[in-house]
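Q: Just dropping this structure here.
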Amino acid sequence: MSNRNLMEAKIACIAFLVFLSLGASTALAQECEDTPEGRICRVVQPISAGTEVDANTQRGLGLVTINGCSGTLLNRYWVLTARHCVTQAPAPGSARTVNNPISNPLVPPEQVSVRADPWAPGRMVGRASRIVDFAANLNAFAANVNTTDIRDIVLVYLGRADLGPVDSQRIYAIALDRGGGSVVLSGRLRTTDTVTQYGRGFSTFATGAFGAPGAVPAQGLGIYRSAQFTPSGITDSGYALAMNPATQVGHGGDSGGPTVVTVNGFGVGIAGVQSTCGPPAPPQGWLWSTGINFCNYVSTEPFLSEIISAIKESPGVACETSAACSSMETTSLLLMLD
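Residues 1 to 338 (the numbering used here) are what the sequence shown spells out, left to right.
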């Protein structure tokens, strides 16, 4: 085995081992062999594309492209996406010296564009007027400007530069009965849940031409696709979606796309957004793409109240005092007694 082939095999093996560490069942499309360096595994079957999402469904879910990533219009004026989709490298001489896509400074709002070409082809491109970090991130930066302990989730406010009327989206939450009349809200997923992940990849649900992984996909192009998963590695801040039995998995371009909890075939609320996929890309073109076995996601659970509070804002409308808010496109919590 050549050094290059051995390196590629080791990279794929690392992905496979990490995948197993999440407690998921073994995915199909794996080939392993014993070598003096240990057991080496690689993915031999192309990652399958997800189901193409038609324009009407995209409209109903508020699916948009934001700076080449995926995102969700929660209502007419607010977009939920991954933070790394709207960041930039620290400026030379700035207080921040660590370059990390998730925790880097936010780009100026005017550099953020939002498109919904499949379902709003005649509308102008939406432009951000403000990017809103969550309190946990603001507090982390206040404590340490070079921190990398940042949640990869953000809200983008379009204001008057919006895409016109849209349906509102729900943020997933369930009411848990703690006994004694005590009920608490929780948006945390469970390993028994079924979720549908949406992402505007480059040409398939997972980035790249996986039959010929050396073919670099065009930047930012593609169509929305979806696939169903069972969450694993669930914590109070996120979860993982490992390659499903149909050999589907998230990838680049899908970042920021929503995870929708599915009950009896119906979506009942957004539980999080796609963040990163493992393992990170080594400098070998797109050959690494066949080694991806899972992606990490940031849960909306810790940010329920902030999201609901923020999206009340709209241009020229004070929601606390105006009856117009009762008919505005406002995200609502889905409450289900568990």
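Every residue gets a Cβ at the ideal spot worked out from N, C-alpha and C, and that includes glycine.
Roughly how many angstroms lie between the CA atoms of Ala-271 and Leu-176, to the nearest whole one?
A: As a position in the sequence shown, residue 271 is number 271, starting the count at 1. As a position in the sequence shown, residue 176 is number 176, starting the count at 1. Using only the alpha carbons, I get a separation of about 16 Å.
Q: The beta strand (DSSP E) spanning Ile-223 covers which residue range?
A: Residue numbering aside, residue 223 sits at position 223 when the sequence shown is read from its first letter. No beta strand (DSSP E) holds Ile-223; DSSP gives it neither H nor E.
Q: Does the Cβ of Gln-169 have 16 or more other Cβ atoms within 10 Å, making it buried, or fewer, making it exposed?
A: Looking up residue 169 in the sequence shown gives position 169. Buried, because 16 or more other Cβ atoms sit within 10 Å of the Cβ of Gln-169.
Q: Going by alpha carbons, who is nearest to Tyr-172 out of Gly-278, Asn-296, Asn-293 and Val-260?
A: One-based indexing of the sequence shown puts residue 172 at position 172. Of the candidates Gly-278, Asn-296, Asn-293 and Val-260, the one whose C-alpha sits nearest the C-alpha of Tyr-172 is Val-260.
Q: Give me whichever residues DSSP pairs with Asp-177 in a beta bridge.
A: Locating residue 177 in the sequence shown gives position 177, where the first residue counts as 1. BP columns for Asp-177 point to Val-183.
Q: Please state whether the Cβ-Cβ distance between Thr-191 and Ser-232 is less than 8 Å.
A: Walking along the sequence shown from the start, residue 191 turns up at place 191. Walking along the sequence shown from the start, residue 232 turns up at place 232. Contact: yes.
Q: Given this structure, state the Cα-to-Cα distance separating Pro-101 from Asp-167, to the nearest angstrom.
A: Indexing the sequence shown from 1 puts residue 101 at position 101. Indexing the sequence shown from 1 puts residue 167 at position 167. So the two alpha carbons sit approximately 31 Å from each other.
Q: Among the residues of its own chain, which have a CB less than 7 Å from the CB of Val-86, if the five just before and after it don't count?
A: Locating residue 86 in the sequence shown gives position 86, where the first residue counts as 1. Asn-67, Leu-106, Val-107, Val-112, Ile-131, Val-154 and Val-156, listed in sequence order.
Q: Might you give, ordered along the chain, the residues of its own chain that have their beta carbon closer than 8 Å to the beta carbon of Ala-55, omitting 5 neighbours on each side?
A: For the purposes of this step, residue 55 is taken as residue 55 along the sequence shown, with counting starting at 1. Only Pro-118 and Trp-119 meet the Cβ criterion.
Q: If you draw a straight line from the C-alpha of Ser-237 to the C-alpha of Pro-90, how long is it?
A: Against the sequence shown, residue 237 aligns to sequence position 237. Against the sequence shown, residue 90 aligns to sequence position 90. Distance between the alpha carbons of Ser-237 and Pro-90 is about 26 Å.
Q: On the premise that Ala-82 lies in contact with Ser-255, defined as a C-beta separation below 8 Å, what is that separation, rounded to the nearest angstrom?
A: Within the sequence shown, residue 255 is the residue found at index 255, counting from 1. Within the sequence shown, residue 82 is the residue found at index 82, counting from 1. Ser-255 to Ala-82, Cβ: 5 Å. Contact.
Q: Less than 6 Å between C-beta atoms, sequence neighbours within five positions excluded: which residues of the same chain meet that for Ser-70?
A: In the sequence shown, residue 70 corresponds to position 70, counting from 1. If we look at Ser-70 and ignore the five residues flanking it on each side, its Cβ neighbours are Gly-199, Arg-200, Asp-254, Gly-256 and Gly-257.
Q: How close, in whole Å, do the beta carbons of Leu-80 and Gly-126 come, if the pair is a contact with beta carbons under 8 Å?
A: Here residue 80 refers to the residue found at position 80 when the sequence shown is read from its first residue. Here residue 126 refers to the residue found at position 126 when the sequence shown is read from its first residue. In fact, because the Cβ distance is near 14 Å, the residues do not count as touching under 8 Å.
Q: Kindly list the residues whose CB is nearer than 7 Å to the CB of Val-147, restricted to its own chain and excluding five residues on each side of it in sequence; keep chain order.
A: Within the sequence shown, residue 147 is the residue found at index 147, counting from 1. Residue identity differs from the one stated: residue 147 is Thr in this sequence, not Val. Cβ within range, chain order: Ser-103, Ala-140 and Phe-141.
Q: Where are the beta strand (DSSP E) runs, 3 residues long or more, that stay fully inside the region 63-114, in chain order?
A: As far as the region 63-114 is concerned, its whole beta strand (DSSP E) runs of at least 3 residues are 63-66, 69-73 and 78-81.
Q: Would a C-beta distance cut-off of 8 Å place Trp-296 and Ala-242 closer than the cut-off?
A: Numbered from 1 along the sequence shown, position 296 holds the residue referred to as residue 296. Numbered from 1 along the sequence shown, position 242 holds the residue referred to as residue 242. Correcting the residue identity first, residue 296 is Asn in this sequence and not Trp. Going by C-beta atoms, Asn-296 is not nearer than 8 Å to Ala-242.
Q: Is it right to say Ile-174 is buried, meaning 16 or more other beta carbons lie within 10 angstroms of its own, or is it exposed?
A: For the purposes of this step, residue 174 is taken as residue 174 along the sequence shown, with counting starting at 1. Ile-174 comes out buried.
Q: Confirm, please, whether the CB-CB distance from Val-268 to Gln-228 is below 8 Å.
A: Within the sequence shown, the letter at position 228 stands for residue 228. Within the sequence shown, the letter at position 268 stands for residue 268. Not closer than 8 Å, so no.
Q: Compare the beta carbon distance of Val-298 and Asp-152 with 8 Å and say whether it is the shorter of the two.
A: Locating residue 298 in the sequence shown gives position 298, where the first residue counts as 1. Locating residue 152 in the sequence shown gives position 152, where the first residue counts as 1. Yes, the Cβ-Cβ distance between Val-298 and Asp-152 is below 8 Å.
Q: Please report the straight-line C-alpha distance between Val-53 and Ile-223, rounded to a whole angstrom.
A: Counted from its first residue, the sequence shown places residue 53 at position 53. Counted from its first residue, the sequence shown places residue 223 at position 223. Rounded to whole angstroms, Val-53 to Ile-223 spans 8 Å at the Cα level.
Q: Note down, in chain order, each residue of its chain lying with its Cβ closer than 7 Å to the Cβ of Gly-50, except the 5 sequence neighbours on either side.
A: One-based indexing of the sequence shown puts residue 50 at position 50. Hits under 7 Å: Phe-205, Arg-225, Ser-226, Ala-227 and Gln-248.
Q: Going by C-alpha distance, which of Ala-95, Pro-109 and Arg-115 is nearest Leu-63?
A: In the sequence shown, counting from the first residue as 1, residue 63 sits at position 63. When each option's Cα is compared against that of Leu-63, the closest is Arg-115.
Q: Return yes when the Cβ of Ala-128 is within less than 8 Å of the Cβ of Glu-306, no when it is not.
A: Residue mapping note: residue 306 aligns to position 306 of the sequence shown, counting from 1. Residue mapping note: residue 128 aligns to position 128 of the sequence shown, counting from 1. Contact flag unset, no.
Q: Suppose contacts are defined by Cβ-Cβ distances below 8 Å. Is Ser-182 in contact with Glu-301 by that definition?
A: As a working note, residue 182 is residue 182 in the sequence shown. As a working note, residue 301 is residue 301 in the sequence shown. Result no, Cβ atoms of Ser-182 and Glu-301 do not sit closer than 8 Å.
Q: Helix, strand or coil for Ile-153? Go by DSSP, reduced to three states.
A: Residue mapping note: residue 153 aligns to position 153 of the sequence shown, counting from 1. Three-state result, Ile-153: coil.
Q: Any idea if Ser-309 is buried or exposed, counting beta-carbon neighbours within 10 angstroms, 16 or more meaning buried?
A: In the sequence shown, counting from the first residue as 1, residue 309 sits at position 309. Flag for Ser-309 reads exposed.
Q: Do Phe-145 and Arg-178 have their C-beta atoms within less than 8 Å of each other?
A: Along the sequence shown, one-based indexing puts residue 145 at 145. Along the sequence shown, one-based indexing puts residue 178 at 178. Per the sequence shown, residue 145 should be read as Val rather than Phe. No; because the gap between Cβ atoms is not below 8 Å, this pair is not in contact.
Q: Would you call Asn-75 buried or exposed, if buried means 16 or more other Cβ atoms sit within 10 Å of its Cβ?
A: Within the sequence shown, the letter at position 75 stands for residue 75. Asn-75 is buried by the Cβ-count criterion.
Q: On the three-state DSSP scale, how would you describe Asn-146?
A: Indexing the sequence shown from 1 puts residue 146 at position 146. Looking at Asn-146 - three-state DSSP - the assignment turns out to be coil, as it is neither helix nor strand.
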